[in-house]
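Protein sequence lines, in the order shown, are assigned to chains R and A. The numbering of the first sequence is the UniProt record's numbering, which starts it at 1 and goes up by one. The numbering of the second sequence is the UniProt record's numbering, which starts it at 1 and goes up by one. Beta carbons: idealized from backbone N, C-alpha and C, even for Gly. Worksheet: one structure, shown below.
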Amino acid sequence: MAGFAFDSLREAGARAASVARPRPVPAVRAADRRGAGTVRFEDVSKTYRSAAGEVRALDRISLDIPAGAIFGIIGRSGAGKSSLLRTVNRLETPTSGRVLVDGEPIDALGTDGLVALRRRIGMIFQHFNLLSAKTVRQNVALPLTVAGLGKAEIARRVEEALRLVGLADKAETYPSRLSGGQKQRVGIARALVSDPEILLCDEATSALDPETTLSILDLLRDINRRLGLTIILITHEMSVIREICTDVVVLEAGRIAETGPVWQVFGAPEHPATRALLAPLIRDLPEDLAARITPHPAPGAEALLRITCSGRAAPDLAALAAATDGPVRLLQAGIERIQGHTVGRMLIAAGGAEAEARLRAIGLEVEGIGYVAADD
Amino acid sequence: MSPQMIDRLWQAALDTLVMVGVSAGVAVAIGIPLALFLVTSGPGGIFPAPRANRLVGMLVNGFRAVPFIVLLVALIPFTRLVVGTTIGVWAAIVPLAVSATPFFARIAEVSLREVDPGLIEAAQSIGCRRRHILVHVLLPEALPGIVGGFTITVVTMIGASAVAGAVGAGGLGDVAIRYGYQRFDTTVMMVVIAILIVLVCLVQFAGDSVVRRLRAR
Numbered sequence: 001m002a003g004f005a006f007d008s009l010r011e012a013g014a015r016a017a018s019v020a021r022p023r024p025v026p027a028v029r030a031a032d033r034r035g036a037g038t039v040r041f042e043d044v045s046k047t048y049r050s051a052a053g054e055v056r057a058l059d060r061i062s063l064d065i066p067a068g069a070i071f072g073i074i075g076r077s078g079a080g081k082s083s084l085l086r087t088v089n090r091l092e093t094p095t096s097g098r099v100l101v102d103g104e105p106i107d108a109l110g111t112d113g114l115v116a117l118r119r120r121i122g123m124i125f126q127h128f129n130l131l132s133a134k135t136v137r138q139n140v141a142l143p144l145t146v147a148g149l150g151k152a153e154i155a156r157r158v159e160e161a162l163r164l165v166g167l168a169d170k171a172e173t174y175p176s177r178l179s180g181g182q183k184q185r186v187g188i189a190r191a192l193v194s195d196p197e198i199l200l201c202d203e204a205t206s207a208l209d210p211e212t213t214l215s216i217l218d219l220l221r222d223i224n225r226r227l228g229l230t231i232i233l234i235t236h237e238m239s240v241i242r243e244i245c246t247d248v249v250v251l252e253a254g255r256i257a258e259t260g261p262v263w264q265v266f267g268a269p270e271h272p273a274t275r276a277l278l279a280p281l282i283r284d285l286p287e288d289l290a291a292r293i294t295p296h297p298a299p300g301a302e303a304l305l306r307i308t309c310s311g312r313a314a315p316d317l318a319a320l321a322a323a324t325d326g327p328v329r330l331l332q333a334g335i336e337r338i339q340g341h342t343v344g345r346m347l348i349a350a351g352g353a354e355a356e357a358r359l360r361a362i363g364l365e366v367e368g369i370g371y372v373a374a375d376d
Numbered sequence: 001m002s003p004q005m006i007d008r009l010w011q012a013a014l015d016t017l018v019m020v021g022v023s024a025g026v027a028v029a030i031g032i033p034l035a036l037f038l039v040t041s042g043p044g045g046i047f048p049a050p051r052a053n054r055l056v057g058m059l060v061n062g063f064r065a066v067p068f069i070v071l072l073v074a075l076i077p078f079t080r081l082v083v084g085t086t087i088g089v090w091a092a093i094v095p096l097a098v099s100a101t102p103f104f105a106r107i108a109e110v111s112l113r114e115v116d117p118g119l120i121e122a123a124q125s126i127g128c129r130r131r132h133i134l135v136h137v138l139l140p141e142a143l144p145g146i147v148g149g150f151t152i153t154v155v156t157m158i159g160a161s162a163v164a165g166a167v168g169a170g171g172l173g174d175v176a177i178r179y180g181y182q183r184f185d186t187t188v189m190m191v192v193i194a195i196l197i198v199l200v201c202l203v204q205f206a207g208d209s210v211v212r213r214l215r216a217r
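Here is the structure:
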């Protein structure tokens, strides 16, 4: 139940590599915050009351996000992704349950505690949310300005943050003069300037074109690796999760549908919601074959078999050929390597007798789809 | 026109400028905090105080509902209390300011309301306190609209100051009524109208160019 078409994304990635890349950052600060940046949701529920009645946006969510992870939250619109993300820095307060950041419950924090917490948690937004009346430098400096830091310190850290996102030369520009990708880089610089341990990304790439999306994802991955901060991102694009996340949780109607390492959830999606979200990435049975398919074998027909890979080992093609006693043709395949796991599926036509059983006997995950006449 | 009349017109124009200038200053000084209060104290605002919000809103509406000429007369005891007299330029400033403040507050309120809530959320997410949000987000982001609204307020007040002239406040309206109307001096009437038109055009031009500069960022 997997098999992907990331080809177009890959090509875009190759193009994006030649576009402005952020300068590498010294990994000095990663060490002193090892272990910091965990988030734990305990039985978190959120109910909105409106004239139309009650809406249960989050329904008893319990989840652990380890330090240093790139954790994806995915789901259809209205599944509760945004609400869940916003409980981490208490832009949203749970109706019941609690959220712990680095083991500390955040529900009881007063104003000072909340401000201190938010300075440890950066956030970027789909529509960037930059202040139009301030220059790039002033936007990035704002978290430090309101924290009351000295001028020299602010200048130094703003410079560093802008260099990190590759926009050092745009410091005196107003945001309206920047492209979408540049605006998001300013947003990232603003989120990172106070040296947070967690970065929340609210549909951070949804307003960007595929090429810019990839360069922003590259930047996020780079930040995660070099600064060691935990990234929690929400998106409705599976390709974003696939590109950078280590773990993923699928939300459906306010509940957790499925959660785990990306390779597992993508390789063997169990919940219908996950399958629905994966659908755009999955290749369907080609139409010409679907039209000719018959449920029972006819003389001279080949068996159509779908082989699913969701493990560490890549399929051994020689063993596959040896196991069948007739011709084996590869019709369609989408095999990907995610976090060291081979994930995807392929469609083959096997001519020999009992191909399905023979292939299953050598340990492949096989699904018989039907039979088609061998026409060539 | 006699030299005395030219002197009189010059003095009247200065009076009008003083009346409008001082009461516009009062309108800004009180109107902007009032507008901030109206925007932030509503339900879901950053300083929620729904009851006080409703009360202040009603008060503002009350003043807005009273026509200026009625307000002028109704406020006479209050005017005497504040400036010690009920005639002249300073006596006109009190009702002008009382009328312009809620007017400007409502206009500024509209601009403040149009600030994207996402910006407030972003400010909160980077550790801004509520006063930071007022200073760094709401006011600067709404500034072009507030300046535009201030221009409208000043133009409206130039008109209102002429009405104040009718009850002995001095200024261009006073000259137009006493000489232009009551003494059938059409030339004076025309000159007053011309001065008012030039005044309004200058204010509008100045306001527009400031707004354009602010929006060009």
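Please list, in chain order, the chain R residues whose beta carbon lies closer than 7 Å to that of residue i.
i: A:Ser125; result: Asn89, Leu91, Arg118 and Met123
So, does the CB of residue i fall closer than 8 Å to a CB anywhere in chain R?
i: A:Leu138; result: no
i: A:Gly118; result: yes
i: A:Glu114; result: no
i: A:Leu134; result: no
i: A:Ala122; result: yes
i: A:Leu143; result: yes
i: A:Leu199; result: no
Does the CB of residue i have a neighbour CB from chain A at under 8 Å?
i: R:Ala147; result: yes
i: R:Tyr174; result: yes
i: R:Ala189; result: no
i: R:Ser215; result: no
i: R:Pro280; result: no
i: R:Leu142; result: yes
i: R:Arg10; result: In this predicted model, R:Arg10 has a pLDDT of only 40, less than 50, meaning its place in the structure is not dependable; the value taken from the coordinates is given anyway. So no, R:Arg10 is outside the interface.
List the residues of chain A that residue i touches, going by C-beta distances under 7 Å, in chain order.
i: R:Val115; result: Gly127 and Arg129
i: R:Pro210; result: Near R:Pro210 there are no residues of chain A at all, since even the closest Cβ is about 24 Å away, more than 7 Å.
DSSP has residue i in a bridge; who is on the other side?
i: R:Ala350; result: R:Ala303 and R:Val328
i: R:Asp247; result: R:Phe71 and R:Pro261
i: R:Phe41; result: R:Leu63 and R:Val99
i: A:Leu214; result: DSSP lists no partner for A:Leu214.
i: A:Arg130; result: Answer by DSSP bridge pairing: none, since A:Arg130 is not bridged.
i: R:Arg337; result: R:Thr342
i: R:Gly53; result: R:Ser50
i: R:Ser310; result: R:Val343
i: R:Leu233; result: R:Gly72 and R:Cys201
i: R:Glu252; result: R:Arg255
i: R:Thr294; result: R:Tyr371
i: R:Leu58; result: R:Lys46
i: R:Val366; result: R:Ile307
i: R:Pro105; result: R:Leu100
Anything in chain R within Cβ reach of residue i, meaning under 8 Å, just list it in chain order.
i: A:Arg217; result: Ser132, Ala133, Tyr174 and Ser176
Would you check whether the ligand NAP has a heavy atom nearer than 7 Å to the C-beta of residue i?
i: R:Ala207; result: With respect to the ligand NAP, the structure shown offers nothing to examine, as it has no ligands at all.
Query raised in the report: Where are the beta strand (DSSP E) runs, 3 residues long or more, that stay fully inside the segment 135 to 210 of chain R, in chain order?
Result: Unbroken beta strand (DSSP E) stretches of 3 residues or longer found wholly inside the segment 135 to 210 of chain R: 198 to 202, given in chain order.
Requested in this report: Check distances from the C-beta atoms of the segment 125 to 136 of chain R to those of chain A and list, in chain order, the residues that come in under 9 Å.
Outcome: Taking 9 Å as the Cβ-Cβ cut-off, the segment 125 to 136 of chain R approaches chain A at Phe125, Gln126, His127, Phe128, Asn129, Leu130, Leu131, Ser132, Ala133, Lys134 and Thr135, given in chain order.
Report task. Give, in chain order, every residue of the segment 316 to 335 of chain R whose Cβ lies closer than 7 Å to some Cβ of chain A. Result -> Listed in sequence order: no entries.
Report task. Could you name each continuous beta strand (DSSP E) segment of 3 residues or more that falls completely within the segment 112 to 136 of chain R, going from the start of the chain to the end? Result -> Counting whole runs of 3 or more residues, the segment 112 to 136 of chain R contains the beta strand (DSSP E) stretches 121 to 125.
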